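My numbering numbers the first residue of the sequence shown as 479 and each following residue consecutively.
Cβ atoms here follow ideal geometry from the backbone N, Cα and C, with glycine treated the same way.
Remember, it's a predicted structure, so these values are computed and weren't measured experimentally.
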Amino acid sequence: MISDLSQGKHHQLSRVLQASCRAGAALLLGAIVAVFGNPRCQAQGDAPVQPGLVDVLVTLCDTLRGWSMQLGREFPGAKGELSMVPSGGRDVIKAVVDLSEGGRYAGAECHATIEKAENILFDIRSSQVTTFRARIHDATGQVHAGSFSVKPGDWQTIALPLDKKTFNKHWGGAKDGTIHFPLRRLLVAVISTNGAKGEFLLRNLGVRRAAPKSTWEIAVTTNQPGHIHFREESSIPVSVRIQNRLREKRTAPVTAKVVDLNGEVVASTTKKLSFGPWAPEALEFTVANPGPGYFHVQVQVAHDTVEHGEGAFGVVNEPLRYLQRDPESFFGMHSVIPDVAARIGVHWFRYYHFWRWRERQKGKRTDAIEKLQQCRDAGIDTMMCLEYREPGWLKSIAIGPDGLPTEEAWECYADFAREMVRKHQGVAAFEIQNEPDLELMAHRNLELDAGVEFYARMVKLIAPIIRAEAPGIPIVGANVSGQDQKRGYPFCRAVIDQVGDLFDVWAPHPYASPRTFGPGLVPLFPEGNRETAKHQETLKLIRETGKGHRYWIGEKGWEIRDEEPLAEQIALAFADCAARSLIIAKSVPGVEKYFWFVLAQEYRKGGKYALFRGAPLQPMPGAVAYATVAYHLDHAVPIDSFQLAGDRIRACVFKRETTDTALAALWCVTASFVLAADLPANARVFDLYGRPIASKEGLRLSETPLFVQTSAAQGAALAASLRAAKVSAAEPVTVASARLSDVRTVSLGLLNNTSDVLQLTGSADGAAGELTLPPGGRDPVPLEIPLSRPVTAHNGKPLPVTLTPRKGKSVQVTIPTKVLPVTRSTRIAVDGKIGDWEGVPQIVVNARHDVLPPDKAGWLGPEDLSMRVSAAWDEENLYILLRVTDDVHATPKVVGFWKSDAIQLGIDVMNDATGVPSYDANDREYGALVDNTGTRIYQTHPVGKPPFRAAGMRIEDQHETRYEFAFPWAGLGRTPAAGMVFSLNPVACDNDGAGVNYWMGLSPGIVEGKRPGEYPDFYLAE
479 MISDLSQGKH HQLSRVLQAS CRAGAALLLG AIVAVFGNPR CQAQGDAPVQ PGLVDVLVTL
539 CDTLRGWSMQ LGREFPGAKG ELSMVPSGGR DVIKAVVDLS EGGRYAGAEC HATIEKAENI
599 LFDIRSSQVT TFRARIHDAT GQVHAGSFSV KPGDWQTIAL PLDKKTFNKH WGGAKDGTIH
659 FPLRRLLVAV ISTNGAKGEF LLRNLGVRRA APKSTWEIAV TTNQPGHIHF REESSIPVSV
719 RIQNRLREKR TAPVTAKVVD LNGEVVASTT KKLSFGPWAP EALEFTVANP GPGYFHVQVQ
779 VAHDTVEHGE GAFGVVNEPL RYLQRDPESF FGMHSVIPDV AARIGVHWFR YYHFWRWRER
839 QKGKRTDAIE KLQQCRDAGI DTMMCLEYRE PGWLKSIAIG PDGLPTEEAW ECYADFAREM
899 VRKHQGVAAF EIQNEPDLEL MAHRNLELDA GVEFYARMVK LIAPIIRAEA PGIPIVGANV
959 SGQDQKRGYP FCRAVIDQVG DLFDVWAPHP YASPRTFGPG LVPLFPEGNR ETAKHQETLK
1019 LIRETGKGHR YWIGEKGWEI RDEEPLAEQI ALAFADCAAR SLIIAKSVPG VEKYFWFVLA
1079 QEYRKGGKYA LFRGAPLQPM PGAVAYATVA YHLDHAVPID SFQLAGDRIR ACVFKRETTD
1139 TALAALWCVT ASFVLAADLP ANARVFDLYG RPIASKEGLR LSETPLFVQT SAAQGAALAA
1199 SLRAAKVSAA EPVTVASARL SDVRTVSLGL LNNTSDVLQL TGSADGAAGE LTLPPGGRDP
1259 VPLEIPLSRP VTAHNGKPLP VTLTPRKGKS VQVTIPTKVL PVTRSTRIAV DGKIGDWEGV
1319 PQIVVNARHD VLPPDKAGWL GPEDLSMRVS AAWDEENLYI LLRVTDDVHA TPKVVGFWKS
1379 DAIQLGIDVM NDATGVPSYD ANDREYGALV DNTGTRIYQT HPVGKPPFRA AGMRIEDQHE
1439 TRYEFAFPWA GLGRTPAAGM VFSLNPVACD NDGAGVNYWM GLSPGIVEGK RPGEYPDFYL
1499 AE
């Protein structure tokens, strides 16, 4: 996985943003039709605000963060740049536009989320140009355009009504002319057909709307890069900037608290502040250094209503080789901000050098010397990835009829690579191409042999250039995606067989899938991803091929959704996952480096593979966890690795001679345990955030790793003491399963972890149930709690369930309450027609995060693959309608229908899945495809004759394939009743002629592994 903007995002903060570096980053969606007419929207000065509406600030336009220069790529020739200039005592955005050599429009584009509004507002000042156009991108990807005029001279306020009259042109997305909120982008551009040149200034972008949810913008900063502090610092200055987003004077008390992960308040302050219209104020205070840990800054602003903001800082041990080069370091990173990365122990940077962006005009190439020198100054070495993506000027002659580059393209790429290697003499390793199995094969729809030929030719061409221009520098190759590893490395094996002698390091990307943390999501943790075994399998293959390759993990990470608070459970679980993955990799002899993906991802919307996020940049718990692991384990060598309590506790033991220390990392894979061990006398215990832990009462283990440190000489004794430790459950009761059997019943499966009979009460939402648990059971005992009201009344909020033994500590679990309705209907006929589905709700599946695997080979938007799902029921059948949009319908004759454009559908009719990744006896998996012979249907679990009816059809002019199903309840094994809850997941697979590259469903859990516990819950509605 790579990000096209990962190298350029921080340049947005510079004073000047060159348009030539960003034109490709703002491609318009859909077919663009340029329409130029008389201006419709005039400057309105200080237009009166309608009753009930207020002017809400989006951005002051006092920074280039979130802005880019849009040059209208579909009409080549435009030039321009953005910069910041002073005006009226403050900074504003300046756009210089030159259409004299071509182009139809150019201007400043803001990437921001704008909730429902009546008007777009901004101040503009133009010196020469008068005719402008505004474009907005709505939630569906639809572009809306409207014109307005500006009088040269002084500042004017433009108020553009968000309606069809003002934005009278539209294309792409929903294609319906309706503005669908939230808006994603706004472009303010000069338009001209006669070569206009000029400049304009922008400030105060806002909206006019009713009842805004947020009227304050809150930003937290400290005085260190990334808000990462060292424990040697005496104090931490905290600044809270509060921006009044309303154009009116206000006074409000502001409270800021610093809270540690135990919930204890470290510092607190309150001050009443007075704000001018659209004006900021600051609350500043100093915190005595609280020692190692992660600290959440909670801000509250009270004016009419109370609004909240958050920030964070971390306190870590200074890295052992801080600001010093360390080529042997294990710890690498993508998208490095040098001064931030150095503070958490990063010593390697994986940098993408794209041919497409570094040679936009033939022979005119840009370098990254300054960026890489900044890394070296911070003690960070660079692995430069030479990335083959043809520049625009080569497109017409880049690819031959066989789908492979032409000789002219190869010559041009060799010239580019030679100059780049020669210029970047400080690079510590050169990588030939990122994920060639995706970038060169799957993305280009090539078969395996052609993809291997493409990459082998590239290695034969580029490796000798690197050897000649940078002798002694390692060459890194065959850095394939996790998909190639999952299939047994067919691409890698073929490449190594042909050109393995030409590179030194093999750095595959052993990702987990699914790998997104967020509400209702179940990412695969390192243990479920078999990471120890995967690393060992890769090392075994290296030995078998006999090429002497070294093994680096070239790219790996997990994603977390943007809406997750910084310091709550999901963010903490993300940190646990990251730490465990790093520790496991370090515990396998032969794994030399691990490049985490990524430090920060400003540009990515929805979710981020990142340890830092936000503006200003805030550390997540994962950043401090990374720093702790790096501090303890860099340059350590593994001496032992084992499991306790079956496979539920992991222990990895290391030794580091340079610091005379031995260290054990311990954590639980499931449940919680107490470890009573006779540790060496000098042992000290730390948690994942560097805080010391008392160990006299035993080590309380959870899914968060902790560390036991002693002297290097005591390493073997430390391992022996842990192996001999007494293990006991930390809680009297383990919840083996928790589910809804219907909307009014919680069903639990419970295990007694003690040697005594347990009497306990389970309570939820004011209702209770009682149970007697036999001692030490291995099979879960069921407990049902009838609820006083249906879970649909909880509006999707999790339902807490408390288990209280007569003696001992209570245990609490939460039950997801998001259940989707299945409409009752008696008029569904399974004939492929959709008229009888009128009024049945649709679930639309069309977003990038819905596509799997996360390394999407060729998916560019909903037209490539998307799906609409409808469900209905009666006493006889469960009915499903799937409407799949797919630009190319391919059903090659292959073994396995799922390798075609097809449907797979999993049903857990009892909704009783556990954490075990497999189907049970009451689960069902079905399939269907539509080809020129009709509709074919399958039952794949349990394997047998399909007991259902289906009708399908392909509507080619709409690029739509319809699948309509009737599944008899008798075949599913449950009698239907209103309120009954079950789980369901349909998946559409996409094959555009060269195999299935990706698929899309309501959740993971079918194609990449059978995990019905991840399917969404449905209930039978009245």
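Simplified DSSP state of residue i, which is helix, strand or coil
i, result
"L1089", "coil"
"F1496", "strand"
"K1371", "coil"
"T700", "strand"
"T729", "strand"
"P1278", "strand"
"Q1320", "coil"
"R1217", "strand"
"A586", "strand"
"S1378", "coil"
"F981", "coil"
"L944", "A small correction: the amino acid at residue 944 is Ile; Leu does not occupy that position in the sequence shown. Correct three-state label for I944: helix."
"K1064", "helix"
Rounded distance between the beta-carbons of residue j and residue i, thought under 8 angstroms
i, j, result
"T994", "H1327", "7 angstroms"
"W833", "M861", "Not quite, the Cβ-Cβ distance comes to about 17 angstroms (not below 8 angstroms), so this is no contact."
"I822", "V779", "About 31 angstroms separates the two Cβ atoms, so there is no contact after all."
"A1036", "C1055", "It is worth fixing the name first, because residue 1036 is Trp in this sequence and not Ala. About 6 angstroms; that satisfies the 8 angstroms criterion."
"K572", "Q620", "No, K572 and Q620 are not in contact; Cβ-Cβ is about 30 angstroms, not under 8 angstroms."
"V1308", "A1428", "7 angstroms"
"S752", "R723", "Not a contact, Cβ separation roughly 16 angstroms."
Distance CB(residue i)-CB(residue j) smaller than 8 angstroms
i, j, result
"V777", "K749", "no"
"K1018", "G810", "no"
"V1259", "L1228", "yes"
"D1156", "A1190", "no"
"F1151", "F1164", "no"
"L1196", "A1140", "yes"
"G1412", "D1401", "no"
"N1231", "P1252", "no"
"A1063", "E1022", "no"
"T1295", "L1277", "yes"
"L1360", "V1297", "no"
Close beta carbons around residue i, own chain, < 6 angstroms, minus the five adjacent residues each side
i, result
"A1114", "F1132 and R1134"
"E868", "A876"
"V1291", "V1213, A1216 and V1279"
"I669", "F514, Y583, T609 and R611"
"Q1014", "none"
"R1162", "Q1187"
"Y1357", "I1306, A1350 and A1444"
"P768", "V744"
"V718", "V698, A734, L761 and V777"
Residues near residue i by beta carbon distance below 7 angstroms, same chain, minus five either side
i, result
"F1120", "A1129 and R1201"
"V1514", "An answer regarding residue 1514 cannot be provided, because it is not within the stretch 479 to 1500 covered by the chain."
"R1305", "D1314"
"P517", "Confidence is the limiting factor: at P517 the pLDDT is only 37, short of 50, which leaves the residue's position unreliable, though a coordinate-based value still follows. Counting only Cβ-Cβ distances below 7 angstroms, and skipping sequence neighbours, we find T609, S625, F626 and S627."
"A688", "G530 and L531"
"C853", "V814, P816, F827 and T860"
Cut-off 8 angstroms between Cβ atoms - residues of its own chain near residue i, not counting five sequence neighbours on either side
i, result
"F600", "C539, T635, I636, V666, L680, R681, N682, L683 and G684"
"E785", "S692, T693, W694, I696, Q778 and V779"
Worksheet item: Taking three-plus beta-carbon pairs below 8 angstroms as touching, is the region 693-709 in contact with the region 667-683?
Response: no
Worksheet item: Would you call the region 1469-1486 and the region 1436-1454 touching, i.e. three or more CB-CB distances under 8 angstroms?
Response: no
Practice prompt. Report yes or no: do three or more beta-carbon pairs, one from the region 957-973 and one from the region 985-1001, lie closer than 8 angstroms?
Written response: yes
Worksheet item: If you pair each beta-carbon of the region 760-778 with each one of the region 798-806, do three or more pairs fall below 8 angstroms?
Response: no
Worksheet item: If we count Cβ pairs, one from each stretch, closer than 8 angstroms, do we get three or more for the region 1488-1498 versus the region 1456-1464?
Response: yes
Fill in: the region 945-955 / the region 994-1014 touching (three or more Cβ pairs under 8 angstroms)
no
Fill in: the region 835-847 / the region 1094-1101 touching (three or more Cβ pairs under 8 angstroms)
no
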